[in-house]
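First to last, the sequence lines map onto chains Y and R. At position 394 of the first sequence (counting the first as 1) the number is 900 in our numbering, and the numbers step up by one without a gap. At position 65 of the second sequence (counting the first as 1) the number is 114 in our numbering, and the numbers step up by one without a gap. These notes concern the structure reproduced below.
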Amino acid sequence: MTERDFRAMNLSEVQVSVELVTPDVTLNLGPQHPSTHGVLRLIAKVDGEVINEIDPVIGYMHRGYEKLAEVRTYPQITALVNRIDWVSGFANEVPFMVATERLVGVEAPERAQYIRLILAEMARISSHLMFLSSYPLELGAATPLMYALRERERVLDLIEGVTGGRFHPNFNRVGGVKPAAGAGSDQKKVVQDLPEGFLAETREAMRTVLAVCDDMDELVVGNEIFLERTKGIGIIPAERALEYGVSGPNLRASGVRFDIRKTDDYLPYSKFEFEVPIGAVGDCFDRYMVRLEEIRQAARIVIQAVDTLPSGPLQAKVPRVIKVPRGEIYVRAENPKGEMGYHIVSEGGRGPYRLKIRSASFSNISILPWLLKGQLVPDIIAILGSLDFVLGDVDR
Amino acid sequence: MAMRMKAPGIGLAKGMWVTLVNLLKKPVTINYPKEKEIPVPRARGVIALDTDACTVCMLCARECPDWCIYIEGHKEMQPPAKPGGRPRSRATLDRFDIDYALCMYCGICVEVCPFDALFWSPSYEYSEGSIADMLHPKERLTDWLKTVPKPPALEKN
């Protein structure tokens, strides 16, 4: 080694050993950002492309439903609770009504329970179709949105045909479903039962929903770009998911076979055959596949329920003014987003003393600071979208 | 669940095939202002009022979850129905306003009305430039009565 070489080597060492101190850049995502599903604000501290710390700020959608419920009667609260997660309005009403019924001590007739079940599963289908189509949109594929929303429209039309509302059905009543009154000149004497042709149209709609699931299989799941963006990204291990209280499809994607439809008896799910799909790893791709499979299972439940729909009254005998005795109860249900529960504290009277709403999305996104740490900036949206939350459900 | 691709681009080609199949189908959308969608009979579009049936009992205004119905009335003495009878007092409706800017379309008022004075109509074209115009007075609510459809037939089962 000549002296010149030696000096050059030393020089280069000197240059390398100079430490580059780069400050973390704070990146603000939202609250008005087209890809954050509403008014979620994420404050990310990024080092280049790597996220060192992320801080979700919620509360921009806070409407205070727990407080509003304290000054309203039980029938009035029904109109409020279907606005919590507006993508699956009907599914929100069911646990609240079941909780109220258990406090009052009435049980909905079988037909009413079946109608609740059919419409709740349809709400699940419409919610999951929204996810299946909007998630590829966030990753850059615009076409699947159109195909899935076309079938979602059919499902929403069916819900509207029965309840009168597409997103806010307000169809559950204490002791059953809406028995009379509604739209029409001599409607008062006519019950608000299923309209003619509903059963046949539901079967047809379920057939097209299953067809669009197959379309999604080919359009999205087989796509190399989609696989690259989702496989191995945002892995949630099962024990971590349980620690954070993640529920619903997000938990099942991590490999935990837990479904409140199987464990609780808020609706007669035990009479129907269906599988609970679980994922293997818990990455974004598994979360997508679990929801895709859940649509197929939900369609299976709906078809079985439509075939075995019993006849009978729509509402049990309840007084005109619902008075709930003193007591408290917690009833949870498997909503499209996860576990949704209502804790009602009643001091007697027409309205609750306190209503605590346990919404799925809130617990699901509480894992974000842990999950997004160390991930790359382009993966934020891929991970965020795969958790499938609704800001109304987060803030309430 | 793992999907191994035999050759790169097959997934893309399959997706393109789905797109091509859908391209040849008829569109499901309609050209809104020119063509109009007919809502289902039960659709909750706007509330119609039958002033003759209303007895100013205020049940709807009380049960409304956001209290968007404003009612005022007074008692009027009616002449006796038969000669020799006594005059009766009858409640008369002075004001019946629904503020559609506040209404959340839950339908509780229609449901609690004991005298069938309120009906749902599926009409939906009543947006206004000014929020104050969303307050429909009793005359306007009565006009909606013409648009109330027949209730749908029920499922046989």
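Beta carbons are placed, not taken as given, at the ideal position from N, Cα and C, and that holds for glycine.
When the Cα atoms are used, Y:G570 and R:T68 turn out to be separated by approximately 44 Å. Straight-line measurement puts the Cα of R:M126 at about 45 Å from the Cα of Y:G667. Where Y:R802 is concerned, the enclosing alpha helix (DSSP H) starts and stops at 790-813. Rounded to the nearest whole angstrom, the C-alpha separation of R:A181 and R:E121 is 19 Å. Contact between Y:S594 and Y:N841 holds: their C-beta atoms lie close to 6 Å from each other, under 8 Å. Taking the Cα of R:E160 as reference, the smallest distance to any Cα among R:V77, R:A150, R:P114 is reached at R:P114.
Taking all protein chains shown into account, R:L73 has fewer than 16 neighbouring C-beta atoms within 10 Å of its C-beta and is therefore exposed.
Residues of the region 77-97 of chain R whose Cβ lies closer than 7 Å to any Cβ of chain Y, in chain order: V77, V89, P90, R91, A92, R93. Close to R:I180, with beta-carbon spacing below 8 Å, lies no residue of chain Y; the smallest spacing is near 19 Å. Remark: fewer than three beta-carbon pairs, one from each stretch, lie closer than 8 Å, so the region 716-727 of chain Y and the region 748-764 of chain Y are not flagged as touching. Excluding its 5 nearest sequence neighbours in each direction, R:C103 has C-beta neighbours in its own chain below 6 Å: L142, A166, listed in chain order.
Flagged as an interface residue toward chain Y: R:M153, by a C-beta distance shorter than 9 Å. Under a 10 Å Cβ-count criterion, Y:E599 is classified as buried, with 16 or more other Cβ atoms of the shown protein chains found around its own Cβ. No Cβ of chain R is located within less than 9 Å of the beta carbon of Y:Q821. A straight line joining the alpha-carbon of Y:V900 with that of R:E112 spans about 28 Å. For Y:A614, no CB of chain R lies under 9 Å from its own CB, so it is not counted at the interface with that chain. With respect to Y:I871, Y:L861 sits apart: the two C-beta atoms are not nearer than 9 Å. At a cut-off of 9 Å, the C-beta of Y:Y653 has a neighbouring C-beta in chain R.
By a beta-carbon distance limit of 8 Å, Y:L546 does not contact Y:L878. Their separation comes to about 12 Å. Using a Cβ distance threshold of 9 Å, Y:D789 and Y:G740 count as a contacting pair.
Cβ atoms of Y:G891 and Y:E644 come within 8 Å of each other, at about 4 Å. Taking 9 Å as the cut-off, the beta carbon of R:I118 is found no closer than this to the beta carbon of R:S170. Against Y:H674, the close residues of chain R are M153, Y154, C155, in the order they occur along the chain (beta-carbon pairs closer than 8 Å).
At a beta-carbon threshold of 8 Å, the residues of chain Y lying near R:A202 are P701, E702, ordered along the chain.
One Cα belongs to Y:R622, the other to Y:H674, and the distance between them is close to 14 Å. In this structure, Y:A839 sits near Y:A626, with a CB-CB distance shorter than 9 Å.
Taking CB atoms only, Y:F732 has a neighbour in chain R less than 9 Å away. Within the model, the alpha-carbon separation for R:G178 versus R:W193 is close to 20 Å. In the DSSP annotation of this structure, Y:Y566 is not part of any alpha helix (DSSP H), being labelled neither H nor E.
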